[in-house]
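Visitor:
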Amino acid sequence: SQKIEQNSEALNIQEGKTATLTCNYTNYSPAYLQWYRQDPGRGPVFLLLIRENEKEKRKERLKVTFDTTLKQSLFHITASQPADSATYLCALAKNYGQNFVFGPGTRLSVLP
Amino acid sequence: DVKVTQSSRYLVKRTGEKVFLECVQDMDHENMFWYRQDPGLGLRLIYFSYDVKMKEKGDIPEGYSVSREKKERFSLILESASTNQTSMYLCASGGGGDTEAFFGQGTRLTVV
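In the order they appear, the protein sequences are chains H and Y. Numbered by this note's numbering, the letters in the first sequence go through residues 586 to 697 in order. Numbered by this note's numbering, the letters in the second sequence go through residues 275 to 386 in order.
1) Does the separation of the CB atoms of S341 of chain Y and S354 of chain Y fall below 7 Å?
2) Over what stretch of residues does the beta strand (DSSP E) that includes V326 of chain Y continue unbroken?
3) Enumerate in chain order the residues of its own chain whose CB-to-CB distance from A678 of chain H is below 7 Å, with the five nearest sequence positions on each side excluded.
4) For K644 of chain H, I'd like the list of residues in its chain whose CB is within less than 6 Å of its CB, leaving aside the five on either flank, ordered along the chain.
5) If the cut is a Cβ gap below 8 Å, which residues of chain Y does Y673 of chain H touch?
6) Since G314 of chain Y meets chain H, which of its residues come closer than 9 Å, beta carbon to beta carbon?
7) Between the Cα of P667 of chain H and those of H:H661, H:S658, H:K648, H:G601, spot the shortest distance and give me the residue it belongs to.
8) Tell whether a beta-carbon distance below 7 Å holds between N592 of chain H and T607 of chain H.
9) Residue range of the beta strand (DSSP E) that Y613 of chain H falls in?
10) By Cβ distance, which residues of its chain are closer than 6 Å to I635 of chain H, with the 5 residues on each side in sequence left out?
11) Does the beta-carbon of Y284 of chain Y have 16 or more other beta-carbons within 10 angstroms, so that it is buried, or is it exposed?
12) Residues of chain H with a CB under 8 Å from the CB of F307 of chain Y: which are they?
13) What does the alpha-carbon distance come out to for the pair S380 of chain Y and R627 of chain H?
14) Straight-line CA distance for A671 of chain H to E374 of chain Y?
15) So N597 of chain H is in the beta strand (DSSP E); what residue range does that whole segment cover?
16) Identify the contact partners of F294 of chain Y in chain A, using a Cβ-Cβ distance below 8 Å as the criterion.
17) Given this structure, state the Cα-to-Cα distance separating T324 of chain Y from V298 of chain Y, to the nearest angstrom.
18) Alpha carbon to alpha carbon, how far is I320 of chain Y from K331 of chain Y? Give it in angstroms, no decimals.
19) Taking only runs of the beta strand (DSSP E) that begin and end inside the region 292-336 of chain Y, which ones reach a length of at least 3 residues, in chain order?
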């Protein structure tokens, strides 16, 4: 069956460290994968998109990798800050389809 | 500033009532989506629409219907609300293929 998993429900790290979040999928062949941030009581906000032919994408302190052989994406936040505390969702496109399927999310807490 | 606006932040309805959730976007997007979000289950797609008067079932359409009479407006209808439809409902637009999705602020629906 098709499945998307994110490494853990919650992740605590110390301020200044690099946070690494994992998204694994099975029985999908996504052309694109996206990462979103969601704060409590709010809708998700888009962060980054990476295509199947791209290995890595960066935006300021954020970095995303995409390994279609391992069926895995890694999301890194360097020099993490308490303001980075939120739930992070990965979403993958169903082939070249118009809709996305979301992972369950990882709740990141950056401790001062 | 681009916007997806959902008509209500909080709603309380009685079992058996017909419930309308409204969503309006101002970005001239062709694609619009309705998701529900529940703890531990993540975001699940109920319905999406890729054009006016067009709709496609998502992963959990049972008990729901949708209406898209105008490009900017996408309505979710609970024909006869039940307690298991208590959830956070999120509307989104865009998100086709390699473009990001813009989410509304969400409607927390409680069915009693």
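All C-beta atoms, glycine included, are put in the ideal place defined by N, C-alpha and C.
Guide: Taking the definition as stated:
1) no
2) Taken as a continuous stretch (DSSP letters only), V326 of chain Y belongs to no beta strand (DSSP E), as it is neither H nor E.
3) P615, A616, Y617, F685
4) L633
5) Simply none; closest approach about 12 Å.
6) E594, P689
7) H:G601
8) yes
9) Y613 of chain H -> no beta strand (DSSP E), and no H or E assigned at all.
10) L618, K642, V649, F651
11) exposed
12) N684
13) Checking the sequence shown, residue 380 of chain Y turns out to be Gly, not Ser. About 6 Å.
14) 19 Å
15) 595-599
16) Reference to chain A is not applicable here, since the protein chains of this structure are H and Y.
17) Residue identity check: residue 324 of chain Y is Tyr in the sequence provided, not Thr. Rounded to whole angstroms, Y324 of chain Y to V298 of chain Y spans 15 Å at the Cα level.
18) 6 Å
19) 293-299, 306-312, 316-323
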